[in-house]
Amino acid sequence: MGIGNWGIMMQRQFSFSDPVEEANRQQRDASNPHYSVFVSASAGSGKTKLLVDRLLRLMMPWTDKKGKIHPGIQPQRIQCLTYSKSAAAEMAIRLQKKLSEWVGYTNQELDRALLDLQINPCDKMRKAARALFAEILDLPGGMRIETNHAFCQSILQRFPLEARIIPQFKVIEEGDNLLTFKRAFNEKIDEISDHDIQVLSPLINNNHFLELLQELQQNQQYLQPVLRLIQQRQFSAYLRSCLKLDFSNKQDYLARVCEIWPAEKDIRKCLELNRDIKNKKSRAAIESCIRWFDLSSDQRIVQWNIMQETLLKKNGQVKNFTVNKGENNAIAVLLNEQADYMYQIAETINRYDIYEYTGALLNVFSLIWQHYQDIKRAQGVLHYSDLINYTLDLLDNPGAAWVLFKLDGGLEHILLDEVQDNSAEQWRIADNILSEFFAGMGKDPVSYHSRTIFAVGDYKQSIYSFQGAKPQEFFNFREKISKKVKEAGELWADPQLRVSFRSSQIILDFVDQVFLPENGLTGVWDNLSMDQFRQHRSAKISAPGRVDIWPLAMMDDMEKEDLETLWKPLRKNQYHSTPDMILAECLADWIKGQIGRVPPYGGRPIRAGDILILIRKRSDFSRALIRALKMKNIPLVNLVKTQLLDQIAVQDLLVLCEVLLLPQDDLTLACVLKSPLGGLDEESLMELAGSRIKGQTLWNALFIRHLERKDWQEAWLMLSKLFVRVDYVTPYALLVEILGEHRGRERFLARLGEEALEAIDELLFQAMQYEDNHIPSLQGFLYWLKQSERTIKNEAEADLDMVRIMTVHGAKGLQGRLVILPDTVNPVSKQGGFQSDQVLVWKEDAEKNIKIPLYVPNKNCDIRESKEYRSFKLQLDTEESNRLLYVALTRASEWLLVCGWQKSKNKKTENTWYDYCEKAMKQLPDLQACFFQEIWEGTHHFIENKSNSLSYNMNCSPDDFGNQSSKSIILPKWLQQKGKAVALPDENVILPHYIPSRPDGIIFGEVPSKISPVKTRKKKDPFYRGRVIHALLQYLPNYPCEKRYDLAYQWFKRENVKLSGQELDKIVHQVIQLINNPELQKLFDSDSLVEQPVTGIVNDLVITGQIDRMRILSDKILLCDFKSGQKVPDTVEMVSKIYLRQMASYWILLKEIYPYHQIEPLLIWTDALKIMKLPIALLEKYLPAQI
């Protein structure tokens, strides 16, 4: 297609009955490389595929309308920016996968792929397509696909002097940044002025104070102008003008008010004339006012509260005064006027209080902030937020033309992903770059391509306001780009992707019904016209699906009576269930019953990996649900981000470290002994601790009595060994020793399950991070870890067959065949009033483009701006909550279940997710209902589209469709053919599981004779004995001679070795005899290396292997490999060639690493306990040759 036809193609409005064809057309139009495009893409519409297609079409040659072929854009001249590292990695992986497939395609397959991208195939196009993979691999650093923060980091690294930062800076993680800020706080707290302390100390405690300062630090992008005003000593005057204050302090203002009260004489006269009215409330107010007016100005200040309490309520609102029937109403009007005036005065007084509080708080923050910046500058580090702010300052600088010119010179095309999540600062950075991008632009002299920008996002999925996302900028930026592109005379389009490759149509219909404009859920379809509404379409034609809404779980009356009598002493243990716990138990039972069962609408049975449970945040309910699922033995992976220090395994390890630093701490030591590391049960611990003499520590008691019980002995052996080494090893080495030599990892796995291993690995990683940046010490590591508030987030593998539970934020971009939404009954906010976590009110000065954080510590200090801000914030939170609901609902591909709980029947659930979903469900025409047959009663509503054919694929993606239509899938011929009989494999051919250890990637020759795994066997595994001997040879040499017998039998018992006692005795005797062999004494020494991996290149072949045991001496190296073959050769020459080539590879590899050492290879046959020394002359005949 020539370029002359593209303008018509992009502007045409298509209407397809086939959603797959519509999706293909939309994808092709949006990926047109000659257009600048801003795409609005709904959930599941294939945004990543679209980005990859756009990249491919940019890099591929193109044909103009005259048939001339022009080269594509060089990959290094394309910049791709996305929001997260995972999104960037996914885009890069998909691109490389597509290009690698092109290399292996036949001409026919490649032609189809090119036609899908609107590229006319020819020899030149095929050659270019196959060359792209190697071209991208050869790029230094690969394609420029990176996050916004990484892009800013690259800019600052190129222009550090212009940005006024230290070259070669490092980026610190969130935990280190928090620790640095706390350090600045602790080092500067003594320098805070007495006045600021006097103002702030009655309002906040130390912990709350630090939280306030951290909140300010997290909004540093707004504070730079404010901090400059503070440093210039101009902030006080500026703040007074913003708050519209005429006096320098509250005392001067109050003195003026008390001195001059408007129309005081007339008011007093009227009050005197009406002192005898019968209305008690008004008469009491008159008397109070007269008494206050009788005071002098100074006394009025002291007694100000009398006047305020007379005219205002306790909540600060005005009182309403009236008179009895027949009395003069003028006095009531007067009192109400005075109440209104008092309200204005009270608000002004609050403004003066806020002026004091805000000034003091920002003075303290400025002091700490400056020191915090100095620390980072001294360390040569920047935080992620600094990357954005410094880049913005660099590009906003009047002298930034040089920087923009240099940036502009290397870029021809920009692609922006997930733009709805960009912060205002990130939008400004993009705007600065694009301002130069389209200035004086022309065609690329090589490719004849015009510069383009491509942006894709979905306003409906903007859910990261806590990270600075500004969804409204989505539309503003689209208008800006459109204007710049059109002014430059270039092609522009803003298509919308509305076809979902994820969800079935019945789920999309339900989503559309929930967010109908008349249902009032703002923040989802805003700024979109009505003809763009309800355009969700599914690519899965006739796909089955179902939506269920359970009635809310509630307590029955009996349970309530039990809870009401909890204060009474109980004669036996009783378990009381709350509604959320009832729901958790019910969900666990229901999920247990669904796994392995065909869903009601048909299709394949439900697997555990199909189920995705979404919650809003960690809560008592999420913990109860996880506990209930585990009690039912349902495979589960918890993907909710948690604090590292909240993990039980981590707490146990850190407590052990604390004991090693202070053994006299009895409570801490008792915790260690009771943990999986200590291994004592409660009775054993009580016996040890309860029988101590007065003044004796638990550590001393364990030392004296550890020989009395086996568990005491094992615990003392571990503690004493670690205590001796704690001052001489790094924290990482100590943790590795605890987890390895002392079997800590094994014990945690047995007690806590596989989830504990993720936390343990994260703790080890943090220990390495600490040692990389600090002088290692155990006490320093513990302090660093506890202060930095590290988090851990498990990552689920794609093929993991386990139920996933995660937050809605974490599930963005994921999907589940069955999605469960149980956390649906919490409204955004119970009220629009004062919230204790919103004491900072951001007041915007549009003229000077400054945002000031007003400190409003309590509701008594409320002013008009703070109330308006909270109302505005509530509206924004409500809109984001609605978008979060949209994200949650669109994760489901086939089945959606909405449920929740209610504490009482009278409690309303209005303005909750459950309320929105229930109302929408009742509006659907095909609604069905049944009686809910669970613990509580109610009506169960559902809609369903059952499976009638096999003409759909529920696991499809945009890549699966290509250019195909939605017709029924035709089964391939081979599926209808009968299977042919295949002969059993030869005995010499064995499964990979039975292949002996050898280097990877080398072809050694024929495999030695083995017993076929499919051949009829005797009951005894012929390799079992050899594996047992191999394990003993690996571990026993590390222990003293006198303990080897006992340890061997302990190992047999623990591993449940299934051999007779006589055979075990024989194995132990032979193994220990072999270990004690004088010829092998050096090989089995404690300094030898076990399971040592080796890697290298010999004759252009990559050799990767693992040596069973190796000892490096000053002049020679001993290495051996254990073999468990049944047929042991009589002589060295009779050894299988595969073994000889394996040992020859190890020998030549070690010879290159240690050229001056003599290397002695050995083979030890574990079944026969036979030792073979391999002559070097023999191995030289079997060196790996170049293939």
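Using UniProt numbering, read the sequence shown as starting at 1 and increasing by one per residue.
Just so you know, even glycine gets a beta-carbon here, dropped at the ideal spot from N, CA and C.
Please read these numbers as outputs of a predicted model, since none were measured by experiment.
Three-state secondary structure (DSSP) of residue i
{"i": "Met-555", "result": "coil"}
{"i": "Arg-627", "result": "helix"}
{"i": "Ile-549", "result": "strand"}
{"i": "Phe-302", "result": "Checking the sequence shown, residue 302 turns out to be Val, not Phe. Correct three-state label for Val-302: helix."}
{"i": "His-940", "result": "strand"}
{"i": "Lys-1173", "result": "strand"}
{"i": "Ser-1009", "result": "Bear in mind that a pLDDT of 42 at Ser-1009, under 50, signals an unreliable position, so the number given afterwards is only what the model happens to contain. Three-state result, Ser-1009: coil."}
{"i": "Leu-697", "result": "Before going further, note that residue 697 is Thr rather than Leu in the sequence given. In this structure, Thr-697 counts as coil in the three-state DSSP scheme."}
{"i": "Ala-34", "result": "For the record, residue 34 in the displayed sequence is His; it is not Ala. Correct three-state label for His-34: coil."}
{"i": "Leu-950", "result": "Because the pLDDT at Leu-950 is just 43, under 50, the model does not fix this residue reliably, and the point stays unresolved."}
{"i": "Tyr-732", "result": "helix"}
{"i": "residue 1191", "result": "Because the chain is modelled from 1 through 1187, residue 1191 falls outside the range shown and cannot be assessed."}
{"i": "Phe-454", "result": "strand"}
{"i": "Asn-177", "result": "helix"}
{"i": "Cys-80", "result": "strand"}
Cβ-Cβ separation, residue j to residue i (assumed contact under 8 Å), whole Å
{"i": "Ile-286", "j": "Arg-275", "result": "6 Å"}
{"i": "Leu-583", "j": "Trp-901", "result": "5 Å"}
{"i": "Ile-1171", "j": "Leu-1162", "result": "6 Å"}
{"i": "Ile-1103", "j": "Leu-1149", "result": "6 Å"}
{"i": "Arg-618", "j": "Val-637", "result": "With a Cβ gap of about 15 Å, Arg-618 and Val-637 do not count as contacting."}
{"i": "Ser-423", "j": "Ala-469", "result": "6 Å"}
{"i": "Leu-677", "j": "Arg-725", "result": "Contact flag wrong, Cβ pair sits at about 16 Å."}
{"i": "Ile-1029", "j": "Thr-1166", "result": "4 Å"}
Sequence-distant residues of its chain with Cβ nearer than 8 Å to residue i (five each side left out)
{"i": "Ile-166", "result": "Pro-160, Arg-377 and Gly-380"}
{"i": "Leu-644", "result": "Val-650, Ala-759, Glu-762, Leu-763, Gln-766, Leu-785, Arg-790, Thr-791 and Ile-792"}
{"i": "Leu-178", "result": "Gln-214, Gln-787, Ser-788 and Glu-789"}
{"i": "Pro-857", "result": "Leu-203, Ile-204, Tyr-357 and Val-839"}
{"i": "Gln-976", "result": "Reliability fails at Gln-976, whose pLDDT of 49 lies under 50, so the model's placement of it is uncertain and the value that follows must be treated cautiously. Contacts found: none."}
{"i": "Thr-824", "result": "Val-898, Cys-899, Gly-900, Thr-912, Trp-913, Tyr-914 and Cys-917"}
{"i": "Phe-723", "result": "Leu-660 and Pro-663"}
{"i": "Glu-1063", "result": "Arg-1025"}
Sequence-distant residues of the same chain with beta carbon closer than 7 Å to residue i, five excluded per side
{"i": "Leu-685", "result": "Ala-670, Leu-673 and Lys-674"}
{"i": "Lys-486", "result": "Trp-492"}
{"i": "Lys-592", "result": "Lys-632 and Ile-634"}
{"i": "Tyr-355", "result": "Leu-239, Arg-240, Leu-243 and Leu-245"}
{"i": "Asn-107", "result": "Arg-126"}
{"i": "Asp-666", "result": "Thr-697 and Leu-698"}
Contacting residues, own chain, Cβ-Cβ under 6 Å from residue i (five flanking each side not counted)
{"i": "Phe-247", "result": "Tyr-253"}
{"i": "Val-828", "result": "Asp-877, Thr-878 and Ser-881"}
{"i": "Ala-553", "result": "Pro-579, Ile-582, Leu-583, Trp-901 and Trp-936"}
{"i": "Arg-28", "result": "Gln-118"}
{"i": "Ser-40", "result": "Gln-496"}
Residue i, buried or exposed, once every other Cβ within 10 Å from all chains shown has been counted against 16
{"i": "Trp-402", "result": "exposed"}
{"i": "Phe-872", "result": "exposed"}
{"i": "Pro-398", "result": "exposed"}
{"i": "Val-1135", "result": "buried"}
{"i": "Tyr-886", "result": "buried"}
{"i": "Val-333", "result": "exposed"}
{"i": "Lys-460", "result": "buried"}
{"i": "Ala-89", "result": "exposed"}
{"i": "Asp-1108", "result": "buried"}
{"i": "His-383", "result": "buried"}
At what residue ranges does the region 1082-1156 contain a whole run of the beta strand (DSSP E), taking only runs of 3 or more? Qualifying beta strand (DSSP E) stretches, in chain order: 1089-1098, 1101-1112 and 1116-1123.
Just list the alpha helix (DSSP H) runs in the region 903-935, keeping only unbroken ones of 4 residues or longer that don't cross its boundaries, in chain order. Runs of the alpha helix (DSSP H) inside the region 903-935: 913-923.
Give, in chain order, every unbroken run of the alpha helix (DSSP H) that is at least 4 residues long and sits entirely within the region 131-173. 148-158
Note down, one range per segment and in chain order, each beta strand (DSSP E) of at least 3 residues found wholly within the region 460-508. none
For a minimum of 4 consecutive residues, which ranges assigned as the alpha helix (DSSP H) are wholly contained in the region 810-898? Within the region 810-898, the alpha helix (DSSP H) runs of at least 4 residues that lie entirely inside it are, in chain order, 864-889.
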